[in-house]
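Asker:
In the numbering used here, the protein residues as written are 2 to 87.
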């Protein structure tokens with residue numbers, strides 16, 4: 002069940018990040034991967050800021066979107082415009 006939770010959160014966060022970043026996204030699998038990695042990055046950042054909470058779906062997706070946006074910005078800085086077309 003834990004794996005399904007991460008996939009659902011990753012899909013939602015990846016989709017929202019694609020919409021926020023004005024890109025076409027990375028495809029369904031790419032969006033899930035970016036969302037899951039973004040959740041890890043966002044959780045790490047929030048924990049170090051002192052906001053490590055055990056919120057529900059909304060909090061988890063919010064943190065994942067923050068991390069995924071930062072990850073997408075980093076990907077675009079490193080690869081240029083090529084990251085938009087993956």
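Ideal placement from N, C-alpha and C gives every residue a C-beta, glycine not left out. Every value quoted in this text rests on a predicted model; they were computed, and no experiment measured them.
1) Excluding sequence positions up to five away, which residues of its chain have a Cβ less than 6 Å from the Cβ of residue 39?
2) DSSP three-state label for residue 20, please.
3) Assuming residue 45 and residue 35 are in contact, meaning their beta carbons sit under 8 Å apart, how far apart are those beta carbons, in whole angstroms?
4) By how many angstroms is the C-alpha of residue 47 removed from the C-alpha of residue 21?
5) Assuming the contact rule is C-beta atoms closer than 8 Å, residue 8 and residue 33 should be a hit. Round their C-beta distance to whole Å, please.
6) Would you call residue 11 buried or exposed, if buried means 16 or more other Cβ atoms sit within 10 Å of its Cβ?
7) Work out the CA separation of residue 23 and residue 31 for me, nearest whole Å.
8) Looking at C-alpha atoms only, which residue of 19, 75, 50, 43 is the closest neighbour of residue 60?
Answerer: Result, derived from the coordinates:
1) Counting from one through the chain shown, the residue named residue 39 turns up at place 38. So the qualifying residues of the chain are 14, 65, 68, 69, 72.
2) One-based indexing of the chain shown puts residue 20 at position 19. Correct three-state label for residue 20: helix.
3) Looking up residue 45 in the chain shown gives position 44. Looking up residue 35 in the chain shown gives position 34. About 15 Å separates the two Cβ atoms, so there is no contact after all.
4) Indexing the chain shown from 1 puts residue 21 at position 20. Indexing the chain shown from 1 puts residue 47 at position 46. Taking the straight line joining both Cα atoms gives about 20 Å.
5) As a position in the chain shown, residue 8 is number 7, starting the count at 1. As a position in the chain shown, residue 33 is number 32, starting the count at 1. About 6 Å; that satisfies the 8 Å criterion.
6) Counting from one through the chain shown, the residue named residue 11 turns up at place 10. Buried, by the Cβ-count rule.
7) On the chain shown, position 30 is the one that residue 31 refers to. On the chain shown, position 22 is the one that residue 23 refers to. Straight-line Cα distance between these residues: approximately 16 Å.
8) In the chain shown, residue 60 corresponds to position 59, counting from 1. Per the Cα distances, 43.
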